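Everything in the sequence shown is counted per my numbering, starting at 1 for the first residue and increasing by one. Backbone N, C-alpha and C define an ideal beta-carbon position, used for all residues, glycine too. A quick note: this is a predicted structure, and the numbers were derived from the prediction, not measured.
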Amino acid sequence: MNSYVEAVNYFKGNNPEDIVKQYGTPVYMYSEEKLRKQMKAVAQVITKYPYTANYSVKANTNLEILKIALSEGINCDAMSVGEMTLLLKAGFPKERIFFVPNNVGVEELQFAIDNGIMTSLDSLSQLETYGELNPGGKCAVRINPGVGAGHHEKVVTAGKKTKFGIAEEDIDKIFEIAKKYNLTIAGINQHIGSLFMQPDPYLQAVSNLLRIAHRFENLEFIDFGGGYGIPYHKLDDEAEYDMEDFKKRLEPILDEFVESYGSTPLFKSEPGRYCVAESSVILGRVHAVKQNSGKKYVGTDIGMNVLVRPSMYDSWHDIEILRDGKPLSRENLEEISVCGNICESGDLLAKDRQLPVGIEKGDLACVLDTGAYGYSMCSTYNSRPRPAEVLITESGEVKLIRRRETIEDLMKLF
Ligand code: LLP
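As structure tokens, this is what we get:
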């Protein structure tokens, strides 16, 4: 495809140059239409049994996006007091928040207890702490189903080589601790990792978790975690994750469980990326074009502080080049590395990428699929304030949903 933004009318008739004139670069630009479409899709993953999708907000915690999730009727999972506070501020009632922390101190657990938020404990050690803080209470435990998956070893969160969850062989110890503190284990959850395009490892982990679930009595819910992938290679026409096929393969596994368990718990999943990744592009300005030892570099203001995924995981993000707000043709391509303005040689958005011939200073780089783990992983490295975020509403209105950070904001902390 020559241009994704053009094919889907991403800017809804707005000229991106007008948007950056008003809000500057780099800027995250979200599509409300895409956000709602993806959230509707995750809400339908299981239709035969009671089910809720929990949007995993670590992917993106912009308050307006949380309010969109609230209005779409999906629930959320949180990883920290910060995320729980944002969800409460967005208007989520406590019943619609699930706290799934890892190695937290008593203050964070106490915050969830004080606010009546269901919490999952990720180790026997944390379960013990929870029991001391909230004897007689109700909680969940995170199980490591022994299977992991993901786009990079840094995002595989189950299996024998990760820090997450409680191993199957320790389940008796869960019951001992629960008994000691009179805790009710209301639910079990897992998360095997992030970004798979084939559902097989996930389905295997679902089967494993459901087998393990038989050891727990009267579970109120079973949460299978997130990880559904999105097509990051859109310009090469990569297909979407096949949700329909996934649903068809998941259902018989649930049927078998419901029949043998004797009651039907609430099923949950925790998609982050799938809800938000495709709903954002970053627009950044090309400030330099240079040759270094025969290699061509295009230098932009989209540094690794703005989008860390390429430097951190070698992640691929498609890039379009816009001139006067219109995508350059991809008919004639040349090899180019696109980099940011950070003082690190790893500050590369795209290495040796085939991009349109003739990119010039003043063009806009438009980086696709940046809505998940984009802004939420931004930093102020090199003392660069974090970018602004704008939303293109369904009616095509452009709305600022987080102002750009300023140098004064950075100075306030001293
Ligand atoms: N549930 C739990 C407990 C998680 O730890 C995560 C993600 C999710 C759900 C949502 O996973 P998703 O559906 O978004 O794949 N920064 C990395 C991804 C790290 C994911 C961490 N946990 C990236 O940019 O690829």
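Compute the Euclidean distance between the alpha carbons of residue i and residue j, then round it to the nearest angstrom.
i: F111; j: V281; result: 35 Å
i: S279; j: Y49; result: 29 Å
i: V398; j: Y375; result: 18 Å
i: C76; j: K290; result: 45 Å
i: A205; j: S194; result: 13 Å
i: I342; j: N332; result: 29 Å
i: N382; j: N134; result: 43 Å
i: A59; j: S263; result: 33 Å
i: D324; j: V286; result: 13 Å
i: L307; j: K154; result: 17 Å
i: G225; j: I192; result: 7 Å
i: E360; j: K295; result: 16 Å
i: I302; j: S31; result: 20 Å
i: D236; j: L355; result: 13 Å
i: R330; j: L322; result: 11 Å
i: Y4; j: S293; result: 32 Å
i: T162; j: G148; result: 9 Å
i: D363; j: K326; result: 10 Å
i: Y55; j: I74; result: 7 Å
i: I212; j: L413; result: 48 Å
i: M304; j: E408; result: 21 Å
i: N9; j: E320; result: 14 Å
i: D172; j: R142; result: 14 Å
i: P385; j: M312; result: 20 Å
i: M1; j: L266; result: 41 Å
i: R215; j: L109; result: 26 Å
Any heavy atom of ligand 2 closer than 8 Å to the CB of residue i?
i: P201; result: For the structure depicted, ligand 2 is absent and the ligand set comprises only ligand 1.
Do the CB positions of residue i and residue j come within less than 9 Å of each other?
i: K94; j: I117; result: yes
i: N144; j: E168; result: yes
i: F196; j: H152; result: no
i: V57; j: E83; result: yes
i: F98; j: T85; result: no
i: D318; j: L368; result: yes
i: T417; j: G340; result: Nothing can be reported for residue 417, as the shown portion of the chain is limited to 1 through 414.
i: L348; j: V338; result: yes
i: C275; j: M79; result: no
i: G165; j: D122; result: yes
i: N62; j: I401; result: yes
i: L35; j: G371; result: yes
i: A365; j: V258; result: no
i: G396; j: K12; result: yes
Consult DSSP for residue i and reduce its assignment to one of helix, strand or coil.
i: A7; result: helix
i: Y381; result: helix
i: G374; result: coil
i: R96; result: helix
i: A90; result: helix
i: E132; result: helix
i: K161; result: coil
i: C419; result: The shown model of the chain, from 1 to 414, leaves out residue 419, and the question about it has no answer.
i: Y30; result: strand
i: Q44; result: coil
i: R309; result: helix
i: V156; result: strand
i: R386; result: coil
i: T52; result: strand
i: R403; result: coil
i: V104; result: coil
i: F73; result: Note that residue 73 is Gly in the sequence shown, not Phe. Three-state DSSP puts G73 in coil, outside helix and strand.
i: L355; result: strand
i: E17; result: helix
Three CB pairs or more closer than 8 Å across the segment 266-276 and the segment 42-52: yes
Is the segment 228-246 touching the segment 18-30 in the sense that three or more CB pairs, one from each, lie closer than 8 Å? no
If we count Cβ pairs, one from each stretch, closer than 8 Å, do we get three or more for the segment 385-394 versus the segment 7-21? Touching, per the Cβ criterion.
Could you check whether the segment 206-221 touches the segment 235-245, counting it as contact only if at least three pairs of C-beta atoms, one from each stretch, sit closer than 8 Å? no
Check whether the segment 171-185 and the segment 118-132 touch, using three or more Cβ-Cβ pairs below 8 Å as the test. yes
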